[in-house]
Amino acid sequence: MPGELTIGAFSRATALTPKALRLYDELGLLRPLRTDPFTGYRYYAPEQVPQARLVAWLRRIGMPLAAIREVVPLESTQAAAEIAAYWARQEHAHAARRDLADVLLRTLRNEETTVRTTPLTIRYAAMTDTGLVRDSNQDTAHATPVLLAVADGFGPDGGQASARAVAALRDAPPSTQPTTEPEADSGTETDAAPGQVLGLLADAVASARSRLRDLPGSGTTLTALLRPGGGDQLALVHIGDTRAYLLRDGRLSRLTHDHSLVQSLVDEGTLTEAEAVTHPQRGVLLRALSADAPADSATGAVELSLHDIRPGDRYLLASDGLTAVADEPAITAALAASHPDADPDRAARDLIALARTLGAPDNIACAVADVLPAPAPASAD
Ligand code: MN
């Protein structure tokens, strides 16, 4: 018929191979105008070219055929929205895999190159406070030489949720834990092969999630530093808006990125850091640990990373009961006061006092760890 394109001509016009065109026909993705009942030849209308080119583009960005089938019939603004959502999911999945790959690479390289000559000693403290406004405390804080954790629960059983998530990490396999809890831990715990770190972390997080199964409607943030095998690396587990900071050489740096609505608005340039502090929706989380957010979903994915520890480092984990009221200069000042003495107890007390002077509208959780060079064996008692 006049104007019809043979599959060869249509293929040249759309940069799709005849083989691909036959497949898309069979899948109902792109039907030819007609198929000759005798020869089986397919004929296409010129008006189908833009649609076919869209299919070709979507294949090029890696969209699965099933998803393309949903997009192709949509009018362009709707199609654009679907494609943007697909791409956001891809980038999220990619970022999560990149983090895992980074942990894996660092772990493997560390196995080959690290010779631990000076075991590092950790001093630690954890504290929570209900604050001046709330009548219950749903925050949990925990510290040992091999685990520092804070969690901020929400929902009717928020307190249970935060306590259970932290307990799951505490009960993680023995290679992340010391056999005893000495006053000055000298890094002599069982030597976990660093290659086990990934598995240990994944198991610990899965266990935390499974302990929330019977608390629907409740959940928790979780930010934790684990020290597998008492070694020179810390594994950071993070979901939600509790935060990890490092004070090193007098400078405070943040190790975590809030999984919150306001942080995402700051990231995309819609909101300034200053506006975020007073935003009415600053408590809205985009990710949390809960029965309602599976591990592989955009709302349930936990971030993992590895950090090398150095003597003199001071680590702080804190809930938003501190960080929503105290800015980073104030937190730095409070941490610096007790840093020369490596007195983490005092640091935790000072930070809670700081939040209380600023009104303490929310529960406050802090965990602080100082990294010291181990005392020489001769001077140990
Ligand atoms: Mn809170």
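When we follow our numbering, the leftmost residue of the sequence shown carries the number 27, and every step to the right adds one. No residue lacks a Cβ here, since even glycine has one placed at the ideal position from N, Cα and C. All values reported here derive from a predicted model rather than from experimental measurement.
Under the three-state DSSP convention, the category residue i falls into
i	result
residue 316	strand
residue 180	strand
residue 45	helix
residue 67	coil
residue 134	helix
residue 372	helix
residue 289	helix
residue 155	strand
residue 443	Here the chain has residues from 27 to 407 only, and residue 443 is not among them.
residue 301	helix
residue 188	helix
residue 212	Confidence at residue 212 is low in this model, with a pLDDT of 42, below 50, so the placement of that residue should be treated as unreliable; the coordinate-derived value is given next. If DSSP states are grouped into helix, strand and coil, residue 212 belongs with coil.
residue 385	coil
residue 168	strand
residue 265	strand
residue 233	helix
residue 283	coil
residue 204	Note that residue 204 scores 45 on pLDDT, short of 50, meaning its location in the model is unreliable and no value can be drawn from it.
residue 79	helix
residue 339	coil
residue 55	coil
residue 217	In this predicted model, residue 217 has a pLDDT of only 47, less than 50, meaning its place in the structure is not dependable; the value taken from the coordinates is given anyway. Of the three classes helix, strand and coil, the one that applies to residue 217 here is coil, per DSSP.
residue 245	strand
residue 394	strand
residue 175	strand
residue 123	helix
residue 117	helix
residue 15	Nothing can be reported for residue 15: it is not among the residues displayed for the chain, which extend from 27 to 407.
residue 86	helix
For residue j and residue i, believed in contact at Cβ under 8 Å, the rounded distance
i	j	result
residue 396	residue 370	5 Å
residue 10	residue 347	The shown model of the chain, from 27 to 407, leaves out residue 10, and the question about it has no answer.
residue 178	residue 331	Incorrect: roughly 20 Å between the Cβ atoms, too far for contact.
residue 350	residue 308	7 Å
residue 251	residue 358	About 19 Å; that fails the 8 Å criterion.
residue 41	residue 82	5 Å
residue 146	residue 377	Contact flag wrong, Cβ pair sits at about 23 Å.
residue 173	residue 246	Going by Cβ atoms, the distance from residue 173 to residue 246 rounds to 16 Å, so no, they are not a contact pair.
residue 29	residue 72	6 Å
residue 254	residue 226	6 Å
residue 310	residue 281	Incorrect: roughly 22 Å between the Cβ atoms, too far for contact.
residue 414	residue 185	Given that the chain is displayed from residue 27 to residue 407, the structure contains no residue 414 and the question cannot be resolved.
residue 393	residue 168	7 Å
residue 241	residue 183	5 Å
Residue environment, residue i, which counts as buried when at least 16 other CB atoms sit within 10 Å
i	result
residue 133	buried
residue 385	exposed
residue 90	exposed
residue 67	exposed
residue 223	buried
residue 244	buried
residue 27	exposed
residue 187	buried
residue 283	exposed
residue 275	exposed
residue 64	exposed
residue 258	buried
residue 181	buried
residue 162	exposed
residue 210	Model confidence at residue 210 stands at a pLDDT of 42, short of 50, so the residue's coordinates are unreliable and nothing is read from them.
residue 175	buried
residue 263	buried
residue 58	buried
residue 256	buried
residue 43	exposed
residue 293	exposed
residue 55	buried
residue 166	buried
Option in the options with minimal Cα separation from residue i
i	options	result
residue 340	356, 329, 332, 361	361
residue 248	343, 241, 350	343
residue 352	315, 324, 304, 316	304
residue 50	102, 62, 33, 274	33
residue 306	274, 289, 252	289
residue 53	74, 36, 39, 94	94
residue 122	329, 135, 228, 191	329
residue 46	239, 383, 85	85
residue 170	183, 311, 151, 375	151
residue 230	195, 79, 375, 77	195
residue 87	116, 355, 104, 72	116
residue 114	323, 380, 392, 363	323
residue 239	65, 190, 253	190
residue 325	280, 266, 379, 295	266
residue 335	355, 374, 261	261
Proximity test, Cβ basis, 9 Å: residue i and chain D
i	result
residue 184	Absence of chain D from the displayed structure is noted, only one protein chain being present.
>> Any residue with its C-beta under 7 Å from a non-hydrogen atom of the ligand MN counts. Can you list them all in chain order?
In response: 165, 178, 345, 346, 347, 388, 389
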